[in-house]
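Protein chains in written order, with my numbering: chain S, 132 to 478; chain C, 7 to 676. Just so it is clear, CB atoms sit at the ideal spot from N, CA and C, and this is done for glycine as well. Note that the structure is predicted; figures quoted are calculated from it, not measured. This report refers to the structure that appears directly beneath it.
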């Protein structure tokens, strides 16, 4: 590498990592950065201009859901001829043991992580390779990167959860007379309060929020909030609002005669009235499409962190009937929801 | 699909970016190694949260029947309707139910009747508060003024129009009034209400609630209520009440609910100028304790166990003024009555696949009544009562639901056992339109005064001269109702629902009082009871609910009732108004100003054993302003009742309702 090229690389690196770079001090750090930046420069130059790029996929664990993402990802790449990146798949545990390190000479062209644990493991290594964190909740990515919705040349994300506006619009479409939405927020989900309020306003809904700090406060909060709300929007929170508390949430609201809008298919099976969610296959498909888009835009950075383009709507007919609610057909709702939230599709 | 963002998205992104900038700067200033930051952070939200299977919480057995699929006609009175009605008494709210009549025999004896057949002790309805039956075992009716419940604590009232013994137990004869109070976790902090009005109305309510942040929540309500009744008689009441509710969750599968309450105070009785029944006070003490435990099984089934104790006591002993015709003798009158009820029930709800649900259970009850003046014995009389019930709900096709059930009961007061079966079918014509056809039966077991009444008033010191007012020869059969109905529930528009019902109730073996010969009595007769009368009640009911906006509603109720009876011992045929209408309208005028009006109409009728009353038109108005005062939320309302003026409401001689106005202000604060 010539001196000029090295300078150019340093400049690019400086631009990208300006903030962090300034905050860090000490010779060792600086040395590590130099090595890392050199590797990054190689990546930027070589990927994805070359056809046979190695993409390292790190999955949080071997589970049917993760396999489904992989299968859909492979399928969507296979649809396009002439682009055959080498997909190397390893679990987060394998990555921890024998995955590439920032100091390695040869790094994968792109790292795609599936799941929160995989993202945590990879981001911790601070690989200079571009990292696309997928199949993880927005809150987890925000916590991992300490920055919400950043634009970052070296890492980005495809969330698993749905944009709040999509969830609000679904409530609006499916339950036109239920305009008061109750939300219980925990310490983690509290961060989305501002976004929730805006999404509610955009969807023409009135939002009532109750904040709690402990799982024990949940039932009381539900009773209070549902006194003035027509439907509960479940917002996942690792401490207070999760699958352990689903029973309390569903039973309490049901006894009050109020439906729950959940965030997963399982929530609907358990007793939520409806959910909008993305299946592993839908996420896999979008990852594949993003990889193709990156190839078609040589030199372009990763896409901005975003929510899934493809989604599904599920309705629990028995619960709807029991609550005396008659929502439209799922297909119809999904189509109208896709129209409402433009830029997204449900296929 | 294009990738363009909506305006809303633009706003969201802009906000997020600004937020992220702030946070980036924040993280730069902290500049801590991120691994250390992780260690201190709460666990990260995993994708598993969105993927993992959840146990089915709302299993088929836990899902309640929607109104359209219920095997009976149901009228729901919610909190907003209770407020808008302007009611100060629980009983008054029931005027909103098609086919119901609510009048006051006196200021503290409220008569709630459905489809007639009611006297001042209207005893053919089941009334439940949180699953606790409150009709009295002594004379069978409900003492509405003595219930230890505050109107402010009631969440909703469901009225099942028609018999429903299978679900609601004994006495679920003409209708069932199912009152539900709010869960204690729904209240937090304090609440107070003060009411002042004409006719010496002075009410106050104070409530504290807490513990909603843990597994145990509680509520304690205390209050005082007074008025001068009709204002023309000595029928005032002074009510002091307190009640408490505690809800606990010892585990994720269990709910335990404990309640207690008392209501006491004097009620005015007697007439000026009457030598025996001169103006005096009746002292009421009413209390209860109740515990309910619900346990969810792994299978999704549920077991519920309930136990309660009711205690109602009326202390009323008077010595008449000297009676000149009896040589100045003062007749001792003992109206004291103490009723106690111990009731235990267990219920098991079983899901049998996706299309079948079984609810079955058993109950036992002990009624103890100490009523020396009317049962001829100073010792308490006891009655054991047992019941067994089961209902099977079968979804034959997605549009057809069948309900088949029965209750078997045995009361020691009568011989043998009685079976009350029910069969109902709901068929969805198209989404939002359901037809219902049903046949059900129920019994009304005789109460103690009917089966064992024995009241004697001594007219001299040795009681050789006496007046026997009651003497029951006993051997009564339970009354039986066979009700058939056709119903329709339709959503005519997203804001408009219609409930229609055609009914035919055949009531046989009506337990009716008659004057029997009693040779030794001063007037040679005493009141006895027998099962000779029967009635055929036919008619139609309509309920229309229009809600164009949250705070704008119109609720119309109409009933047409015709009673044909052999009228042997009582005039049953005239005991219901031919046509009755209730109309409630409420509207938010803006700026938290709410107006509501309730209009009621009923044709002429005659309560059993009373004088006829004419056509009734009643209009109640309410105007309420909500406001904030520091951290407290409040509402001030002015209520005008019966604004159309004086009218005979229960009995032309004694109960003339006049205009009443009151102002009520409440505050709630955390």
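Best match in the options for proximity to residue i [C-alpha to C-alpha]
{"i": "residue 158 of chain C", "options": "C:141, C:99 and C:145", "result": "C:99"}
{"i": "residue 92 of chain C", "options": "C:674, C:670, C:675 and C:676", "result": "C:670"}
{"i": "residue 340 of chain S", "options": "S:321, S:295, S:271 and S:428", "result": "S:321"}
{"i": "residue 308 of chain S", "options": "S:395, S:354, S:456 and S:272", "result": "S:456"}
{"i": "residue 456 of chain C", "options": "C:109, C:598 and C:533", "result": "C:533"}
{"i": "residue 305 of chain C", "options": "C:68, C:182, C:433 and C:163", "result": "C:68"}
{"i": "residue 395 of chain S", "options": "S:409, S:333 and S:459", "result": "S:409"}
{"i": "residue 373 of chain C", "options": "C:343, C:652 and C:53", "result": "C:343"}
{"i": "residue 554 of chain C", "options": "C:571, C:215, C:503 and C:283", "result": "C:503"}
{"i": "residue 397 of chain C", "options": "C:362, C:237 and C:317", "result": "C:362"}
{"i": "residue 237 of chain S", "options": "S:187, S:248, S:207 and S:210", "result": "S:187"}
{"i": "residue 615 of chain C", "options": "C:478, C:165 and C:657", "result": "C:657"}
{"i": "residue 397 of chain S", "options": "C:54, C:505 and C:602", "result": "C:54"}
{"i": "residue 119 of chain C", "options": "C:168, C:675, C:94 and C:519", "result": "C:168"}
{"i": "residue 324 of chain C", "options": "C:280, C:221 and C:143", "result": "C:280"}
{"i": "residue 243 of chain S", "options": "S:306, S:329, S:261 and S:318", "result": "S:261"}
{"i": "residue 577 of chain C", "options": "C:611, C:596, C:563 and C:602", "result": "C:611"}
{"i": "residue 608 of chain C", "options": "C:623, C:643 and C:434", "result": "C:623"}
{"i": "residue 527 of chain S", "options": "S:217, S:348 and S:304", "result": "The displayed coordinates of chain S run from 132 to 478. Any statement about residue 527 of chain S would go beyond what the structure contains."}
CB of residue i within 8 Å of CB of residue j, strictly
{"i": "residue 105 of chain C", "j": "residue 446 of chain C", "result": "no"}
{"i": "residue 114 of chain C", "j": "residue 194 of chain C", "result": "no"}
{"i": "residue 50 of chain C", "j": "residue 469 of chain S", "result": "no"}
{"i": "residue 292 of chain C", "j": "residue 270 of chain C", "result": "yes"}
{"i": "residue 419 of chain C", "j": "residue 460 of chain C", "result": "no"}
{"i": "residue 463 of chain C", "j": "residue 329 of chain C", "result": "no"}
{"i": "residue 385 of chain S", "j": "residue 402 of chain S", "result": "yes"}
{"i": "residue 5 of chain C", "j": "residue 369 of chain C", "result": "This structure cannot speak to residue 5 of chain C, because chain C is shown only from 7 to 676."}
{"i": "residue 227 of chain C", "j": "residue 208 of chain C", "result": "no"}
{"i": "residue 561 of chain C", "j": "residue 511 of chain C", "result": "no"}
{"i": "residue 337 of chain S", "j": "residue 311 of chain S", "result": "yes"}
{"i": "residue 335 of chain S", "j": "residue 207 of chain S", "result": "no"}
{"i": "residue 154 of chain C", "j": "residue 268 of chain C", "result": "yes"}
{"i": "residue 91 of chain S", "j": "residue 79 of chain C", "result": "Because chain S in this structure spans residues 132 to 478, residue 91 of chain S falls outside the shown range and cannot be described."}
{"i": "residue 381 of chain S", "j": "residue 446 of chain S", "result": "no"}
{"i": "residue 601 of chain C", "j": "residue 593 of chain C", "result": "yes"}
Neighbour list for residue i in chain S, Cβ cutoff strictly below 8 Å
{"i": "residue 435 of chain C", "result": "The contacting residues do not exist; residue 435 of chain C stays about 13 Å from chain S at best."}
{"i": "residue 500 of chain C", "result": "307 and 308"}
Segment limits, alpha helix (DSSP H) that includes residue i
{"i": "residue 466 of chain S", "result": "461 to 471"}
{"i": "residue 63 of chain C", "result": "No alpha helix (DSSP H) holds residue 63 of chain C; DSSP gives it neither H nor E."}
{"i": "residue 228 of chain S", "result": "223 to 229"}
Interface residues of chain C facing residue i [CB-CB closer than 7 Å]
{"i": "residue 193 of chain S", "result": "Per Cβ cutoff of 7 Å: no residues; residue 193 of chain S is ~13 Å from chain C at best."}
{"i": "residue 267 of chain S", "result": "53"}
{"i": "residue 398 of chain S", "result": "60"}
{"i": "residue 270 of chain S", "result": "51"}
Neighbouring residues, chain S, relative to residue i (Cβ below 9 Å)
{"i": "residue 64 of chain C", "result": "381, 382, 385, 401, 402, 403, 447, 449, 450 and 453"}
{"i": "residue 157 of chain C", "result": "Chain S residues near residue 157 of chain C: none, gap ~17 Å exceeds 9 Å."}
{"i": "residue 258 of chain C", "result": "375, 376, 378 and 379"}
Contact list for residue i against chain C, beta-carbon separation under 9 Å
{"i": "residue 457 of chain S", "result": "437, 438 and 497"}
{"i": "residue 498 of chain S", "result": "Missing from the structure shown is residue 498 of chain S; chain S here goes from 132 to 478 and no further."}
{"i": "residue 395 of chain S", "result": "55, 56, 57, 58 and 60"}
Bounding residues of the beta strand (DSSP E) (the contiguous stretch that carries residue i)
{"i": "residue 315 of chain C", "result": "308 to 321"}
{"i": "residue 89 of chain C", "result": "Premise fails: residue 89 of chain C lies in the alpha helix (DSSP H), 85 to 91, not in any beta strand (DSSP E)."}
{"i": "residue 669 of chain C", "result": "666 to 675"}
{"i": "residue 408 of chain S", "result": "405 to 408"}
Contact list for residue i against chain S, beta-carbon separation under 7 Å
{"i": "residue 70 of chain C", "result": "453"}
Per-residue contacts from residue i into chain C (C-beta, under 8 Å)
{"i": "residue 347 of chain S", "result": "219, 220 and 221"}
| task | Name, going along the chain, the residues of the segment 204 to 234 of chain C whose beta-carbon falls closer than 9 Å to a beta-carbon of chain S. | result | Per Cβ criterion, the list reads 217, 218, 219, 220, 221 and 223.
Which residues, in order along the segment 350 to 363 of chain S, keep a beta-carbon less than 9 Å from a beta-carbon of chain C?
-> Correct list: 350, 351, 352, 353, 354, 355, 357, 358 and 361.
- Task: Taking only beta carbons into account, state which residues of the segment 236 to 249 of chain S come closer than 9 Å to chain C, listed in chain order.
- Result: Within the segment 236 to 249 of chain S, the qualifying residues are 245, 246, 247 and 248.
Using a Cβ-Cβ cut-off of less than 7 Å, give me the residues of the segment 189 to 200 of chain C that come near chain S, in sequence order. The residues in question are 189, 191, 192 and 194.
If contact means a Cβ-Cβ distance below 9 Å, which residues of the segment 70 to 92 of chain C contact chain S? Legend: CB atoms of the segment 70 to 92 of chain C lying less than 9 Å from CB atoms of chain S belong to residues 70, 71, 72, 73, 74, 75 and 85.
At a CB distance below 9 Å, what residues from the segment 286 to 302 of chain S approach chain C? Give them in sequence order. Residues of the segment 286 to 302 of chain S that bring their beta carbon within less than 9 Å of a beta carbon in chain C comprise 291, 292, 294, 295 and 296, in sequence order.
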